[in-house]
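Everything on this sheet refers to the single structure shown next.
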Amino acid sequence: MTERTMKKKPSRWSGIAATMILALLVLAVCAGTGCVSNPDRTVTPATAAPPPLTPDTVPSASPTGTGQAPGTPVGRIIVTNADAAELLLAIGAADRVVGISDTVKNHPVLGPRYAGAESIGSWQAPDIETIHSLHPDAVISYSSYTPKNVDRITSAGIPLLLIDCYKIDTLASDTRRLGNLTGRDAEAEEYIAFLERYEALVRSPAAAHPPASPPRVYIESYSDYSALTGGSGGDLLVTMAGGENIAGLLPVSSPKVNAEWVMAQDPDVIIKTAASGKNETELREIHAKLVGRTGIANTSAVRNGRVYVISGSVTYGPRSVIGLAWVARILNTDNSGDIDPREIQDEYAGRFVAGTNTTAAIYPQPG
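In the numbering used here, the protein residues as written are 33 to 399.
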């Protein structure tokens, strides 16, 4: 056997090992000079959606949600949310508002009351430069519908407070928050007492004497066949007044249904929500179109004359307790005859926001 044949051939695994060692040395050098990415850094894709914002997760300047020290009322507020703007009026804090959205500016009742405030444009995408120029302590917006440019607002260090002020089950807590924010705690409690007194008058009889079979209600949003489902503002009015929302268990918010579905459900009552500010003639026209829809005419609600159109001004927002009283009257809740929604509306206008009792609330008026 020759010397050549006695030598072992180099293993292919030793070659691979040598290559790996060389690669590791190159990587070590590159890491020191910055030619490789830091493996500890998280890279977010440019198309990634931001996490959903809630009142507790919106960046703010302090634990209280503003740049003020805890317990110190804010002096300058921008409000994009018309319902919050009305509540600020109701608790006597309108003087703190320096900026408003176009929705508030163009509101027939709220606009004139905020004539001295500057418009910051659409509530959905307010103008950042105008907001900056007003030097606000806080910007108030909807929690459920945050501005599309919310990231620009918060990244600019502007405290953004998400306060809905439109669903009846959160009105008390929202009002307390506004009262604390503006130093109008006593006035906030006055409104809350008004709210809870009339809520109790409606809910107590319904809870004490629940009907064997509650009236089945189809409640619709502003667009045709857009049903209001469980937890929505309209659903809360129906259930609090002792009714059963036929769309209450549908899995999505404001789903589109159709005439066949409504006919199959055969509701006892149909309630259509109309946009705020409609006069009685406009409500009557909406009602006529509603009862004339193909298929709807065959439901128990239409046959028995139990179809109503109710204004969004009393379905949602600070006046929703008035809407609750109307829904209780529609459903013939026990003792609902003892509650006159028109008197509640007049009391609200007299004590909290003048002029809110001059527009139509419902058509036709039940009872």
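For every residue, glycine included, the Cβ atom is placed at its ideal position computed from N, Cα and C.
Predicted model, so just to flag it, every value in this text is computed and none were measured.
- Supposed close pair Val-141, Gly-387 - CB separation, criterion 8 Å: 5 Å
- Message: Suppose contacts are defined by Cβ-Cβ distances below 8 Å. Is Tyr-250 in contact with Gln-297 by that definition?
- Response: yes
- Message: At the level of alpha carbons, what is the spacing between Ser-286 and Thr-347?
- Response: 15 Å
- Query: Among the residues of its own chain, which have a CB less than 8 Å from the CB of Asp-217, if the five just before and after it don't count?
  - Reply: Arg-208 and Gly-211
- Extent of the continuous beta strand (DSSP E) to which Lys-304 belongs: 301 to 306
- Task: Express the C-alpha separation of Leu-194 and Asn-336 in angstroms, rounding to a whole number.
- Result: 43 Å
- For Gly-263, does the three-state DSSP call read helix, strand or coil? coil
- Query: What span of residues does the alpha helix (DSSP H) with Arg-208 cover, start to end?
  - Reply: 203 to 214
- At which residues does the alpha helix (DSSP H) containing Leu-7 begin and terminate? No information on residue 7 is available, as it lies outside the stretch 33 to 399 that the chain covers here.
- Exposed or buried, what is Thr-214 when buried is set at 16 or more other beta-carbons lying within 10 Å of its beta-carbon? buried
- Message: Would Thr-135 and Glu-150 be called neighbours here (beta carbons separated by less than 8 Å)?
- Response: no
- Task: Compare the beta carbon distance of Val-263 and Glu-292 with 8 Å and say whether it is the shorter of the two.
- Result: The sequence given here has Gly at residue 263, not Val. Not closer than 8 Å, so no.
- Query: Tell me which same chain residues have a C-beta within less than 6 Å of the C-beta of Pro-398, skipping the five on either side of it?
  - Reply: Arg-361 and Ile-362
- Reduced DSSP category for Ser-151 - H, G, I as helix; E, B as strand; rest coil: strand
- Message: Is it buried or exposed, Thr-331, if we count other Cβ atoms within 10 angstroms and call 16 or more buried?
- Response: buried
- Message: Beta-carbon within less than 6 Å of Pro-396's beta-carbon, same chain only, minus the 5 sequence neighbours each way: which residues are those?
- Response: none
- Message: Tell me the rounded alpha-carbon separation between Val-270 and Ser-258.
- Response: 16 Å
- What is the residue span of the beta strand (DSSP E) that Arg-248 lies within? 248 to 252
- Measure the C-alpha to C-alpha separation of Arg-351 and Thr-390 and round it to an integer number of angstroms. 13 Å
- Alpha carbon to alpha carbon, how far is Thr-261 from Ile-278? 8 Å
- Item | Leu-281, buried or exposed, once every other Cβ within 10 Å from all chains shown has been counted against 16 | exposed
- Query: Closest to Tyr-177 by CA distance: which of Gln-156, Ile-224 and Pro-247 is it?
  - Reply: Gln-156
- Item | Distance, Ile-200 Cα to Ile-224 Cα | 11 Å
- Among Lys-304, Ala-125 and Lys-310, which one has its Cα closest to the Cα of Pro-105? Ala-125
- Please classify Leu-194: does DSSP put it in a helix, a strand, or coil? strand
- Length of the line joining the Cα atoms of Asp-206 and Ser-245: 34 Å
- Query: Sorted by chain position, which residues of the same chain lie with C-beta nearer than 6 Å to Thr-76's C-beta, five sequence neighbours on each side aside?
  - Reply: Here the model assigns Thr-76 a pLDDT of 28, short of 50, so the residue's position is not dependable, and the following value carries that caveat. So no residue of the chain qualifies.
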